[in-house]
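Under full-length UniProt numbering, the very last position in the sequence shown is 414; numbers go up by exactly one each time. What follows is one structure encoded as structure tokens, with my remarks underneath.
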Amino acid sequence: MEFETGDKIKIKKNGVEYQGVAMPKSGKCVVLKLESGYNIGVNPEGTNIEIIQKKEYSPLKVKPENKQADSKLPEVSIISTGGTIASKIDYRTGAVSAQFSADDILESIPELQKMARFKGRVVYNVLSENMKPEYWPELAGAVIEEIENGADGIIIAHGTDTMMYTAAALSFMINTPVPIVLVGSQRSADRPSSDNVMNVICAAKVATSDIAEVCVVMHDSISDDRCGIYRGTRVRKMHTSRRDAFWPINSDPIGFVDYSTKDIEIISDYATRDSSKLVSETNIDPRCGLIKFVPGAKPDILSYYTRKNYRGIVIEGTGLGHVSTEWVPEIEKATKAGIAVVITSQCLYGRVCDRVYDTGRDLIKAGAIEGKDMLPEVALVKLMWALGQSSDMDTVLELMETNIAGEFSLRSLH
1 MEFETGDKIK
11 IKKNGVEYQG
21 VAMPKSGKCV
31 VLKLESGYNI
41 GVNPEGTNIE
51 IIQKKEYSPL
61 KVKPENKQAD
71 SKLPEVSIIS
81 TGGTIASKID
91 YRTGAVSAQF
101 SADDILESIP
111 ELQKMARFKG
121 RVVYNVLSEN
131 MKPEYWPELA
141 GAVIEEIENG
151 ADGIIIAHGT
161 DTMMYTAAAL
171 SFMINTPVPI
181 VLVGSQRSAD
191 RPSSDNVMNV
201 ICAAKVATSD
211 IAEVCVVMHD
221 SISDDRCGIY
231 RGTRVRKMHT
241 SRRDAFWPIN
251 SDPIGFVDYS
261 TKDIEIISDY
271 ATRDSSKLVS
281 ETNIDPRCGL
291 IKFVPGAKPD
301 ILSYYTRKNY
311 RGIVIEGTGL
321 GHVSTEWVPE
331 IEKATKAGIA
341 VVITSQCLYG
351 RVCDRVYDTG
361 RDLIKAGAIE
371 GKDMLPEVAL
381 VKLMWALGQS
391 SDMDTVLELM
401 ETNIAGEFSL
411 RSLH
């Protein structure tokens with residue numbers, strides 16, 4: 001029996017019955033979207049197919065009611081960069097690809113129209129593993145332009161894999177008078193366990209709030225109860241697939257958004273709306289590397305970065321920020337060659353202190369910079385930004401030891 005994409009059909013095969021909406025075919029297989037939201041592919045050979053209901057709607061996208069936005073609502077710009085939150089299934093290949101624009105997000109979540117006046121802008125459309133440091137100044141420029149044009153808040157749709165890097169970069173590049181909220185989803189919109197709607201609605205709540213910082217808003221638990229509001233320089237993706245993959249490290253969250261009530265609970269200090277003027281410093285130098293020290297690692301890896309004209313190196317040391325003693329001479333060579341070397345800890349939690357053991361003291365004498373309690377990834381992004389501001393190593397050292405965007409604590413409590 002002939003059917004069309006969007007028809008509700010029933011397939012019987014080998015004594016098993018499947019019922020759902022017909023999707024575009026994948027090779028020879030008939031693809032069904034089941035009532036659970038999941039898709040299955042069935043080889044049509046030896047099947048009995050019955051049309052239950054002819055197509056009355058598009059199974060992929062439902063248009064919202066076309067209502068005039070309330071002019072009293074705040075204006076929020078949604079900037080799309082791609083990622084799972086802006087993805088859909090390509091039924092030709094079965095893969096998830098970044099294809100939706102920012103306007104598609106508004107179409108798929110009509111509830112947003114009650115929260116603000118939105119406008120969409122696509123800066124680039126890439127999965128986040130393809131994000132590059134060279135893209136950050138362009139994104140920062142788009143954010144600055146939207147704020148200058150009157151946006152009361154910014155939402156950036158971003159893939160989760162590298163969201164923490166982009167959040168850190170924007171934190172250093174922009175001193176903002178309005179909220180800048182990065183949001184993503186761990187699971188694409190066609191999956192019943194997708195977190196995209198809740199995350200975006202909570203992000204919109206923060207974008208219209210008084211929290212004038214760069215922050216990440218994502219699920220705070222595996223349930224659909226609340227999202228966390230995490231400072232852009234203190235957050236890390238800690239799980240490959242869980243919806244509550246993002247955790248604040250060495251810091252409390254700024255707060256939480258209750259999904260049912262849309263109330264914000266604040267638990268940490270934050271910069272308030274319009275407490276500062278818009279200031280931007282978007283220059284970066286991407287010639288920086290991140291090295292993880294492991295037992296037995298040879299120090300000649302440092303000379304590789306020197307030969308390749310890198311200007312900065314962040315080392316994930318062990319414990320309090322240690323490497324083996326044979327690394328110390330190579331680190332000294334690098335610093336004398338004008339390469340900034342920052343020591344962080346692969347422990348993530350806790351603080352670097354290279355004044356406890358002899359090796360640590362030798363690292364300081366060799367010219368290494370202590371990364372305090374910064375995440376290694378944040379230290380890397382900050383070093384790129386600091387080197388973009390100045391080629392003078394004393395100035396770079398001063399910037400790395402200055403708390404620019406809440407990236408480290410002055411002291412660590414027990």
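Every residue, glycine too, gets a C-beta built ideally from N, C-alpha and C.
Where residue i falls: helix, strand or coil (DSSP)
| i | result |
| --- | --- |
| residue 442 | Given a span of 1 to 414 for the chain in the structure shown, any question on residue 442 remains unanswerable. |
| Val42 | strand |
| Leu290 | strand |
| Met218 | strand |
| Gln186 | coil |
| Met23 | strand |
| Glu138 | helix |
| Leu34 | strand |
| Gln346 | coil |
| Ala340 | strand |
| Thr359 | helix |
| Asn175 | strand |
| Val323 | coil |
| Arg307 | helix |
| Thr335 | helix |
| Ala245 | coil |
| Tyr230 | strand |
| Glu50 | strand |
| Tyr18 | strand |
| Cys29 | strand |
| Ala116 | coil |
| Ile211 | strand |
| Asp274 | coil |
| Arg92 | Its pLDDT being 43, under 50, Arg92 is placed unreliably by the model, and the measurement read from it follows with that caveat. Three-state result, Arg92: coil. |
Cβ distance (whole Å) where residue i is taken to contact residue j below 8 Å
| i | j | result |
| --- | --- | --- |
| Trp136 | Thr162 | Their Cβ separation, rounded to whole angstroms, is 10 Å, which puts Trp136 and Thr162 out of contact at 8 Å. |
| Val181 | Val206 | 5 Å |
| Ala168 | Val378 | 5 Å |
| Arg243 | His219 | 4 Å |
| Gly15 | Glu75 | About 57 Å separates the two Cβ atoms, so there is no contact after all. |
| Pro179 | Ser276 | Actually they do not touch by this definition, with Cβ atoms about 13 Å apart. |
| Val143 | Leu112 | About 19 Å; that fails the 8 Å criterion. |
| Val216 | Gly232 | 6 Å |
| Ile79 | Val42 | Actually they are not in contact, since the Cβ atoms of Ile79 and Val42 sit about 40 Å apart, beyond 8 Å. |
| Ile52 | Lys8 | 5 Å |
| Ile174 | Tyr270 | Between Tyr270 and Ile174 the Cβ distance is about 15 Å, and since that is not below 8 Å, they are no contact. |
Other residues of its chain near residue i: CB distance less than 8 Å, five sequence neighbours each side excluded
| i | result |
| --- | --- |
| Asp354 | Leu320, Gly321, His322, Ile343, Gly360, Arg361, Leu363, Ile364, Ala368, Glu370 |
| residue 498 | Residue 498 lies beyond the stretch modelled for the chain, which goes from 1 to 414, so this question has no answer here. |
| Lys333 | Leu302, Ser303, Thr306 |
| Met238 | Ala245, Phe246, Trp247 |
| Lys336 | Gly367 |
| Cys227 | Met198, Asn199, Cys202, Ala203, Val217, Met218, His219, Asp220, Phe256, Val257, Tyr259 |
| Ile339 | Tyr305, Thr306, Tyr310, Arg311, Gly312, Ile313 |
| Pro286 | Lys132, Pro133, Glu134, Met384 |
C-beta neighbour in chain B for residue i, strict 8 Å
| i | result |
| --- | --- |
| Phe246 | Absent from the structure is chain B; it holds one protein chain and no more. |
Other residues of its chain near residue i: CB distance less than 7 Å, five sequence neighbours each side excluded
| i | result |
| --- | --- |
| Ser303 | Glu330 |
| Asp195 | Ser185, Gln186, Arg187, His219, Arg243 |
| Arg411 | none |
| Ile222 | Arg242, Arg243, Asp244 |
| Leu397 | Ile369 |
Spatial neighbours of residue i in its chain, beta-carbon cut-off 6 Å, leaving aside the 5 residues before and after
| i | result |
| --- | --- |
| Pro44 | Val30 |
| Trp385 | Phe172, Ile284 |
| Ser268 | Asp252, Ile254 |
| Asp274 | Pro177 |
| Leu399 | Ala386 |
| Leu139 | Val123 |
Selection from the options that minimises the alpha carbon distance to residue i
| i | options | result |
| --- | --- | --- |
| Asn48 | Ile78, Lys55, Phe3 | Phe3 |
| Leu34 | Val214, Lys10, Lys54 | Lys10 |
| Ala116 | Cys227, Ser209, Val21 | Ser209 |
| Ala22 | Leu32, Asn14, Lys28, Val16 | Leu32 |
| Glu50 | Lys13, Glu146, Arg121 | Lys13 |
| Gly120 | Leu73, Glu146, Asn403 | Glu146 |
| Lys72 | Ile339, Thr402, Asp152, Asp224 | Asp152 |
| Thr298 | Thr272, Thr325, Ile313 | In the sequence as displayed, the identity of residue 298 is Lys instead of Thr. Out of Thr272, Thr325, Ile313, Thr325 has the C-alpha closest to the C-alpha of Lys298. |
| residue 417 | Pro110, Ser409, Thr81 | The requested residue 417 is not part of the displayed model; the chain covers only 1 to 414. |
| Asn125 | Tyr310, Ala140, Gly159 | Gly159 |
| Met374 | Tyr18, Pro133, Ile404 | Ile404 |
| Thr272 | Asp225, Val214, Ser223 | Val214 |
| Ser193 | Asn39, Gln53, Ala212, Glu138 | Asn39 |
| Thr318 | Arg311, Trp327, Glu407, Leu399 | Trp327 |
| Met393 | Gly406, Ser128, Val341, Ser409 | Val341 |
| Ile264 | Asp358, Tyr230, Gly141 | Tyr230 |
| Lys55 | Gly20, Phe408, Asp70, Tyr357 | Gly20 |
| Thr261 | Cys288, Asp225, Ile249, Gly296 | Asp225 |
| Ile154 | Thr395, Leu127, Phe118, Thr402 | Phe118 |
| residue 435 | Asn250, Lys28, Leu380, Leu127 | One cannot answer for residue 435 here, as it falls past the ends of the chain, which runs 1 to 414. |
| Leu350 | Lys372, Tyr357, Asp358 | The question names Leu, yet the displayed sequence has Gly at residue 350. Out of Lys372, Tyr357, Asp358, Lys372 has the C-alpha closest to the C-alpha of Gly350. |
At least three beta-carbon pairs within less than 8 Å, the stretch 278-291 to the stretch 253-267: Short answer: they don't touch.
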